[in-house]
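Heads up, the sequence shown is in full-length UniProt numbering, so the first residue is 1 and it goes up one at a time.
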Amino acid sequence: MAQPARIAMLEECSVFVFEKRCAEKLHKPKRKETVTEILRNSIKELELYKHPKLLLVLHNIEECDNTLAFASEPVYASLANIFAFQEAVTTTSSPGGTQQPPMKPGVMQREYNFLDIEHKYGLLQITEALAFLHFTGHVIHKNVCPGSILVTKRGTWKLAGMEFVEKLHDAQDGQEVPCQPWTSRLSKMVQPNLDYMVKISKPITHCHLFRPTSSEAHYMGYSVKAGAQDPF
């Protein structure tokens, strides 16, 4: 994510840039194209399902041979960035030790300290976003995690990461809907983050059904709980 920039109307924004070389380690051209196609679709979904608690896209996606980019309202960081900073601070300040364990690879740290009320209000905002998707848009998000929850420069929490949105059709909250199981045959870049999915009796890799709206509420809770410790 780039630092805030200015677009044609002199409106402050954040520019998200994906370098396609990040997908080169997938080797197969078809798999690399799958990654970029998922990212393209995620921006289209954000533009389709507009809501005050979903990330606002200010400039549509632009693409060249090497990169894919779009502009949004000004964003400070994702919860994943903030939690990485808080984890580092907690580690260095722990009694009797100054040595830091290795951080999770690829997670940039952004300094921010939440007030207790911010956690509560943040949960409310993401709940509103999910309620809109479930009951108005009739879709499920399928990837609620710290990386898909963004904190704007105004302190508002916004839901993004719409790469795996799926239509609910006529399913109700108490009914189960199909859930594509995780597979090692695909890159983790093109699959939802399993670390924050609700615990079930069977291994998550064998999950074929889940209850949409109640399950995503659990994902949201685990995502915020991750700020203090690992979700499980």
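In this text, a Cβ means the ideal position worked out from N, Cα and C, and glycines have one as well. Quick caveat, the model's predicted, so the values are computed rather than measured.
Boundaries of the alpha helix (DSSP H) harbouring residue 120: 116 to 131, taken from the DSSP string. By the neighbour-count definition (other C-beta atoms within 10 Å, threshold 16), residue 37 is an exposed residue. Between residue 54 and residue 146, the C-beta spacing is not below 7 Å.
CA-to-CA, the gap between residue 68 and residue 160 works out to about 17 Å. For residue 192, the number of other beta carbons within 10 angstroms of its own is at least 16, and it is reported as buried.
Just so you know, the alpha carbons of residue 23 and residue 33 end up roughly 8 Å apart.
The DSSP-derived three-state label of residue 32 is helix. Residue 138 counts as exposed, since fewer than 16 other beta carbons sit within 10 angstroms of its beta carbon.
The stretch 72 to 92 and the stretch 12 to 22 touch, with no fewer than 3 CB-CB distances between them shorter than 8 Å. Residue 43 sits close to residue 61, with the two beta carbons spaced by under 7 Å. Between the alpha carbons of residue 128 and residue 148 lies a distance of about 15 Å. Residue 60 carries a strand assignment under DSSP once its states are collapsed to helix, strand and coil. Residue 167 sits in a strand when the DSSP states are folded into three classes.
A Cβ-Cβ contact shorter than 7 Å links residue 35 with residue 189.
In chain order, 157 place their CB closer than 6 Å to the CB of residue 122, counting only its own chain and leaving out the 5 sequence neighbours on each side.
The Cβ atoms of residue 85 and residue 109 sit closer than 7 Å to each other. Per DSSP, reduced to three states, the secondary structure at residue 13 is strand. A residue is called buried once 16 or more other Cβ atoms fall within 10 Å of its Cβ, and residue 48, having fewer, is exposed.
Of the candidates 125, 183, 71, 71 places its Cα closest to the Cα of residue 11.
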